[in-house]
Amino acid sequence: MSHHQPLLNSPQHEQDELEETAYDDSEKVIIVEDDDEFDDDDKWGRTPPFSWKKLWLFMGPGFLMSIAFLDPGNLEGDLQAGAIAGYSLLWLLVTATLMGLLISLLSARLGVTTGRHLAELCRDEYPTWARLVLWVMAEIALIGSDIQEVIGSAIAIRILTNGAVPLWSGVIITASDCFVFLFLENYGVRKLEAVFAILIGIMAISFAWMFGEAKPNGKELLLGIFVPKLSSKTIHQAVGVVGCVIMPHNVFLHSALVQSRHIDRSKKGRVQEAINYYTIEATIALLVSLVINIFVTTVFANGFYGTDLAQNIGLVNAGQYLEEKYGGGLLPILYIWGIGLLAAGQSSTLTGTYAGQFIMGGFLNLKLKKWLRALITRSCSILPTMIIALTFDTSDDALDVLNDWLNVLLSVQIPFALIPLLCLVSKEQIMGTFKIGPVLKIISWLVAVLLIVINGYLLVEFFSAEVNGAVVATILCVVTVAYVSFIIYLASRAITFSAWKSVPQEKTSVTETTES
C-alpha cells in the first residue's frame, strides 16, 4: 500500500464542509486506470503510457473553453477583419489562437495541480480589498461578454424568423438557456459536454457550408495563413483580432473545468498524465475553433474585401449582405449564417453561466445550490441586456456603438485575469514541481504584456476619439492612474508576495511531495 502524501494535503470531507468546490466527487468523471503497476511505490512518479481510451475520457473541458474563441464578439471581429483586410490577417489569427492556447494550458495546469480553480486561489492569495476588486472586475467582464453573446443570439433569432421576433424578445428567449443549463447539469458532466460538442459541430457545418458557397481563392488563403503581412490601413482590425482572443472569464473557467475528472493528486505521475491529456485535448479544441474562425474570415474576405460595403459590415447586417452577395441556393446563406450565429450565441451564453458560478463561488466562497447560483448569475447579465436591447434596438449603428463600448469594457479586464494566473503558476509554494520553468515563464509574461499593450492601444484609440471636455478627461485620468496602479500592484505580487501565507498549513500542499 502506498503511503505517499497528497500533493494537495487537505482532507476532502473537510474541504467540502469549509469551501465551495467546483465539482463534488459524485459529479466527477472516473478515469479508468488499467495501468496500476505505475502506482507502485517505486514507480509512483512515472507517467503512465498514452491511452486512446483515457484521452476520450479527458475530452470535454477544452471544447467548452474553446467556445470563448467562437462567441458572437469573435465572429464579428472575424467578419470585419475579412471584409476590411482581406486574407492578410489570417496569419495573425493563427498567432492569436496560439497565444490563447498557451494561456488556456496554464489555466488547466493550475487547476489540475492544485485541485482548486483560479477564483478560489485568488481568494486565498490576495488581501480582502484586492480580492473584492478582482471579483468585481471578473463579474463586470462576464456581464460585458454575456451582453454580446445574448445580443448575438437575439440577432440570430431575428434572422431565422424573418424579423418576426424583435431583439428584446430574442433576449428573453436566450435568457431561458439558464434553465436548459440546469436541466442538462442533472444528467452529468459528460452529457453537458456532448451538448456543447453538438453546438460546435453545428457551427462547423454552417460556416463550412458558407465557405463552400463562397469558393475562396486557395492561393490567397494559404498566403494569408503563412505569410505575415500588416499595413497601417489594417492595424485596427489586427489589434481587434488579437485583443478578442483572451476572454477574462474564460481564464477562470478552464481552471475549474479540468477538475471535472477524478485525478489522484497524491501521485505525481497521475497529475502529469492529466496535464498531458488536457494539453492534447485543448490543442484539438482550439484547432477546431481556428478552422471555424478562418472559414468566417475567408467568406467575408472573398465577398467584400475592396468593396464600398466593407467598412459598414457588422454582426447585425452581415446576414443581409451575405444574401445579397451569394444569393439563395438550396438553403439561403442568410439562414445558414443565422444557424451558425445562434449556435455560437447559445453555447457561449451557457458557458458564461457556468463561468459565473465558479467566479462567484470561488471569490466569495458561497455554498449555494447550483440552481440558485445559476439564477443569480443569469439575472446579473440579463437585466442590463434587456435594458440595452430596448435602448439600442433602433438602428444597426446603435448596436455597433454598443459593441465598441463592450469591447473596451472587456479590454480593461484582461490584466485582472492574466496577471494572477501567471503569478500563481510560477510559484513553487503552490505548484511544487509543476511550476512553469524559466523559459515558459518568460514566454508567458511576454504574451501577457503583448496582450495588455494591444488592449491598451484599443483603449487609448477609443477614448481619444470618444472623450470630450475637461471634466470628463480629468475623471478619466484619475481612473487611469488607479487602474495602472492596481495592475502594478498585481504584477509586484509575482516577486514580493509570500504564497499561501493566509491558508492553513494543511492546505499548502504541492510542495509537500513525499519522501519515500
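So in UniProt numbering, spot 460 of the sequence shown is number 460, and the numbers just go up one at a time.
In this text, a Cβ means the ideal position worked out from N, Cα and C, and glycines have one as well.
**Message:** If we require 4 or more residues per run, which alpha helix (DSSP H) segments fall completely within the stretch 381-425?
**Reply:** Whole alpha helix (DSSP H) segments, 4+ residues: 396-413, 415-425.
**Message:** Using only the alpha-carbon positions, how far apart do residue 82 and residue 224 sit?
**Reply:** Sequence index remark: in the sequence shown, residue 82 carries index 82 (1-based). Sequence index remark: in the sequence shown, residue 224 carries index 224 (1-based). When only Cα atoms are considered, residue 82 and residue 224 end up about 11 Å apart.
**Request:** Express the C-alpha separation of residue 257 and residue 147 in angstroms, rounding to a whole number.
**Result:** As a position in the sequence shown, residue 147 is number 147, starting the count at 1. As a position in the sequence shown, residue 257 is number 257, starting the count at 1. Roughly 23 Å between the two C-alpha positions.
**Prompt:** Smallest Cα separation from residue 98: which of 409, 284, 350, 437?
**Reply:** Here the question's residue 98 lines up with position 98 in the sequence shown. Checking every option, the nearest Cα to that of residue 98 belongs to 284.
**Message:** Using only the alpha-carbon positions, how far apart do residue 475 and residue 259 sit?
**Reply:** Within the sequence shown, numbered from 1, the residue matching residue 475 stands at position 475. Within the sequence shown, numbered from 1, the residue matching residue 259 stands at position 259. Cα-Cα distance, rounded: 43 Å.
**Alpha-carbon spacing of residue 354 relative to residue 370, whole angstroms** = For the purposes of this step, residue 354 is identified with residue 354 of the sequence shown, where counting begins at 1. For the purposes of this step, residue 370 is identified with residue 370 of the sequence shown, where counting begins at 1. Across the structure, residue 354 and residue 370 are spaced so that their CA atoms are roughly 10 Å apart.
**Item:** residue 74 versus residue 251: straight-line alpha-carbon distance, rounded
**Value:** For this step, residue 74 is matched to residue 74 along the sequence shown. For this step, residue 251 is matched to residue 251 along the sequence shown. Distance from the CA of residue 74 to the CA of residue 251, rounded to the nearest whole angstrom, comes to 16 Å.
**Asked** Can you name the residues that DSSP bridges to residue 30?
**Response** For this step, residue 30 is matched to residue 30 along the sequence shown. Residue 30 is bridged by DSSP to 262.
**Request:** Could you tell me if residue 136 is buried or exposed, where buried requires 16 or more neighbouring beta carbons within 10 angstroms of its beta carbon?
**Result:** By one-based count along the sequence shown, residue 136 stands at place 136. Its Cβ having fewer than 16 others within 10 Å, residue 136 is exposed.
**N- and C-terminal bounds of the alpha helix (DSSP H) containing residue 245** = Looking up residue 245 in the sequence shown gives position 245. The continuous stretches of alpha helix (DSSP H) do not include residue 245, and DSSP gives it neither H nor E.
**Request:** Consult DSSP for residue 302 and reduce its assignment to one of helix, strand or coil.
**Result:** Working through the sequence shown from its first residue, we reach residue 302 at position 302. Assignment of residue 302 by DSSP, reduced to helix, strand and coil, places it in the helix class.
**Asked** Can you tell me whether DSSP reads residue 268 as helix, strand or coil?
**Response** By one-based count along the sequence shown, residue 268 stands at place 268. In the structure shown, the three-state DSSP call for residue 268 is helix.
**Proximity below 7 Å, CB of residue 154 to CB of residue 410** = The sequence position of residue 154 within the sequence shown is 154, counting from 1. The sequence position of residue 410 within the sequence shown is 410, counting from 1. Note that the C-beta distance between residue 154 and residue 410 is not below 7 Å.
**Request:** Flag this pair as yes or no: are the beta carbons of residue 348 and residue 103 separated by less than 7 Å?
**Result:** As a working note, residue 348 is residue 348 in the sequence shown. As a working note, residue 103 is residue 103 in the sequence shown. Not a contact, by the Cβ cut-off of 7 Å.
**Asked** On the three-state DSSP scale, how would you describe residue 176?
**Response** Position 176 of the sequence shown, counting from 1, holds the residue named residue 176. Three-state result, residue 176: coil.
**Prompt:** Does the distance from the CB of residue 293 to the CB of residue 93 come in under 7 Å?
**Reply:** For the purposes of this step, residue 293 is taken as the residue at position 293 of the sequence shown. For the purposes of this step, residue 93 is taken as the residue at position 93 of the sequence shown. Less than 7 Å divides the Cβ of residue 293 from the Cβ of residue 93.
**Prompt:** Should residue 96 and residue 241 be called a contact, given that it needs their Cβ atoms to be closer than 7 Å?
**Reply:** Within the sequence shown, the letter at position 96 stands for residue 96. Within the sequence shown, the letter at position 241 stands for residue 241. Going by C-beta atoms, residue 96 is nearer than 7 Å to residue 241.
**Asked** Closest to residue 187 by CA distance: which of 404, 126, 111, 28 is it?
**Response** By one-based count along the sequence shown, residue 187 stands at place 187. Comparing Cα-Cα distances from residue 187 to each of 404, 126, 111, 28, the minimum goes to 28.
**Message:** Assuming the contact rule is C-beta atoms closer than 8 Å, residue 358 and residue 119 should be a hit. Round their C-beta distance to whole Å, please.
**Reply:** Locating residue 358 in the sequence shown gives position 358, counting from the first residue. Locating residue 119 in the sequence shown gives position 119, counting from the first residue. Under the criterion of beta carbons closer than 8 Å, residue 358 and residue 119 qualify as touching, at roughly 6 Å.
**Ranges of the alpha helix (DSSP H) found wholly within the stretch 292-355, counting only runs of at least 4** = Counting only runs of at least 4 residues, the stretch 292-355 fully encloses the following alpha helix (DSSP H) elements, listed from N- to C-terminal order: 318-326.
**Prompt:** Hey, residue 253 and residue 351 are a contact pair by Cβ (cut 8 Å); roughly how many whole angstroms apart?
**Reply:** By one-based count along the sequence shown, residue 253 stands at place 253. By one-based count along the sequence shown, residue 351 stands at place 351. Their Cβ separation, rounded to whole angstroms, is 7 Å, which keeps residue 253 and residue 351 in contact under 8 Å.
**Item:** Counted within 10 angstroms of its Cβ, other Cβ atoms place residue 480 as buried (16 or more) or exposed
**Value:** Residue mapping note: residue 480 aligns to position 480 of the sequence shown, counting from 1. Under this definition residue 480 is an exposed residue.
**residue 367, enclosing alpha helix (DSSP H) - first and last residue** = What you label residue 367 is simply residue 367 of the sequence shown in a count that begins at 1. First-last for residue 367: undefined, no H or E at that position.
**Message:** Let's test the definition: count the other Cβ atoms within 10 Å of the Cβ of residue 415 and tell me whether it reaches 16, buried, or not, exposed.
**Reply:** Along the sequence shown, read from residue 1 onward, the residue named residue 415 stands at position 415. By the neighbour-count rule (16 or more Cβ atoms within 10 Å), residue 415 is buried.
**Prompt:** Using a Cβ-Cβ cut-off of 6 Å (strictly less than) and excluding sequence neighbours within five positions of residue 302, which residues of its own chain qualify?
**Reply:** By one-based count along the sequence shown, residue 302 stands at place 302. Take residue 302, set aside five residues on each side of it, and the residues of its chain with a beta-carbon closer than 6 Å to its own are 214, 216, in chain order.
**Request:** Would you mind stating whether residue 79 and residue 401 have Cβ atoms separated by less than 7 Å?
**Result:** Start at 1 with the first residue of the sequence shown, and residue 79 comes out as number 79. Start at 1 with the first residue of the sequence shown, and residue 401 comes out as number 401. Going by C-beta atoms, residue 79 is not nearer than 7 Å to residue 401.
**Message:** If distances are taken between C-alpha atoms only, which option among 227, 458, 276 comes closest to residue 412?
**Reply:** Translated into positions along the sequence shown, residue 412 becomes position 412. Residue 412 has its Cα closest to that of 458, out of 227, 458, 276.
**Item:** Separation of residue 229 from residue 430, as counted between CA atoms
**Value:** Here residue 430 refers to the residue found at position 430 when the sequence shown is read from its first residue. Here residue 229 refers to the residue found at position 229 when the sequence shown is read from its first residue. Their backbone Cα atoms lie some 41 Å apart in a straight line.
**Asked** With a CB to CB cut of under 8 Å and the five nearest residues on each side skipped, what residues in its chain are close to residue 334?
**Response** Working through the sequence shown from its first residue, we reach residue 334 at position 334. Cβ neighbours of residue 334 beyond the five flanking positions: 159, 319, 320, 322, 323.
**Prompt:** How would you call residue 538, buried or exposed, if buried means at least 16 neighbouring beta carbons within 10 angstroms?
**Reply:** The structure shown does not extend to residue 538, since the chain is modelled only from 1 through 516, so no value can be given for it.
**Prompt:** In three-state terms, what does DSSP make of residue 161?
**Reply:** One-based indexing of the sequence shown puts residue 161 at position 161. Here residue 161 sits in coil by DSSP.
**Request:** Return the first residue and the last residue of the alpha helix (DSSP H) that residue 211 is part of.
**Result:** Indexing the sequence shown from 1 puts residue 211 at position 211. Boundaries of the alpha helix (DSSP H) harbouring residue 211: 189-214, taken from the DSSP string.
**Request:** Please check the pair residue 277 and residue 58, which I expect to be a contact at CB under 8 Å, by giving their CB distance rounded to whole angstroms.
**Result:** Start at 1 with the first residue of the sequence shown, and residue 277 comes out as number 277. Start at 1 with the first residue of the sequence shown, and residue 58 comes out as number 58. Under the criterion of beta carbons closer than 8 Å, residue 277 and residue 58 qualify as touching, at roughly 4 Å.
**Asked** Leaving out five residues before and five after residue 60 in sequence, what residues of the same chain have Cβ atoms less than 6 Å from its Cβ?
**Response** Against the sequence shown, residue 60 aligns to sequence position 60. If we look at residue 60 and ignore the five residues flanking it on each side, its Cβ neighbours are 193.
**Message:** Give me the residue from 441, 417, 418 with the minimum Cα distance to residue 426.
**Reply:** Indexing the sequence shown from 1 puts residue 426 at position 426. Nearest option by C-alpha distance: 441.
**C-alpha gap between residue 306 and residue 417, whole angstroms** = Within the sequence shown, the letter at position 306 stands for residue 306. Within the sequence shown, the letter at position 417 stands for residue 417. So the alpha carbons of these two residues sit roughly 38 Å apart.
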